[in-house]
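Below: the structure, in structure tokens.
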Amino acid sequence: MEKSEARAFVLERRDGIETRVHAEKCTTICGVLTEMLDDIRLARENVSSAAGVCYRQEPLAVALYQAMKSEVSLDCFIEEVYERGLTACFPCMVKHPAETGRNTSMTFRAVSREQYEHGGVAFLDHPLRSFADDDPALASYPLVDTPMLDVVIVPLVAFDGENNRLGYGGGNYDRLIDDLRDDAAAIGVAFEEQRIDSVPCEPHDKQLPAIVSA
């Protein structure tokens, strides 16, 4: 099965999940993520035994995403991240000058609980829009460089039993995973309806250490 064929097949199946079942599955996935996060927090305790504080003596930085269409909703997990006083980061697409050879790239910016609950965060309201680095709409949201990320929740289109991931085709998360620290946790999330026998892979495609599904 080619990648385009696999995407079309799986996305149709994901879109077909009944609303109530979709919500229940999201709650289950978020519950497992919360347990995993707490385990990571305990493992990263510093010498003063402050849970959730990493080697930088700062709260863990957790990369999240705002669900689009029928993706796994992280709403419950995002709440748990804020409850634990951790740094919640969200993807923000940025434009590059033509001479760089790349049109856009994915960055992460920290969003406080107050900002998230108030709403109006441009890159959350318009996740597919690309922003200039100096766009005033980004000024209130600190850039979090990839080496500073401790936990990354990764959306996906399809996966298989070997934790191979089929994304949306942009390669953004493949590049991100490649640049993470060795001790950072990358965790994929999906519905069981997104599981296929074998994900078509290319050399640049990255396996995930863990995938949580329901």
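If you use the numbering used here, the sequence shown corresponds to residues 570 to 783, in order. For every residue, glycine included, the Cβ atom is placed at its ideal position computed from N, Cα and C.
Secondary structure of residue i, DSSP reduced to three states
| i | result |
| --- | --- |
| P660 | strand |
| V713 | coil |
| A701 | coil |
| M637 | coil |
| L735 | strand |
| D766 | coil |
| V631 | strand |
| A779 | strand |
| V650 | helix |
| V690 | coil |
| S642 | coil |
Sequence-distant residues of the same chain with beta carbon closer than 7 Å to residue i, five excluded per side
| i | result |
| --- | --- |
| R682 | Y651 |
Cut-off 8 Å between Cβ atoms - residues of its own chain near residue i, not counting five sequence neighbours on either side
| i | result |
| --- | --- |
| I756 | L602, M605, V720, V721, I722, V723, L777, P778, A779, I780, V781 |
| A754 | M605, I609, D719, V720, V721, P778, A779 |
| I586 | K594, S639, F760, E762 |
| R764 | A727, F728, D729, G730, S782 |
| A575 | V726, A727, L735, I765, V768, P769 |
Outcome for residue i when other beta-carbon atoms lying within 10 angstroms are tallied against a minimum of 16
| i | result |
| --- | --- |
| L655 | buried |
| E640 | buried |
| H773 | exposed |
| S642 | buried |
| K594 | buried |
| T676 | buried |
| L629 | buried |
| R583 | buried |
| V758 | buried |
| R613 | buried |
Continuous beta strand (DSSP E) stretch holding residue i: start and end
| i | result |
| --- | --- |
| A792 | Since the first residue of the chain shown is 570 and the last is 783, residue 792 is not available in this structure. |
| S674 | 673-679 |
| V726 | It is not in any beta strand (DSSP E) - V726 carries neither H nor E in the DSSP assignment. |
Endpoints, alpha helix (DSSP H) assigned at residue i
| i | result |
| --- | --- |
| M605 | 588-612 |
| H687 | 682-687 |
Close beta carbons around residue i, own chain, < 6 Å, minus the five adjacent residues each side
| i | result |
| --- | --- |
| Y742 | V723, G736 |
Check whether the stretch 698-710 and the stretch 724-743 are in contact - that is, three or more C-beta pairs closer than 8 Å.
No, they do not touch.
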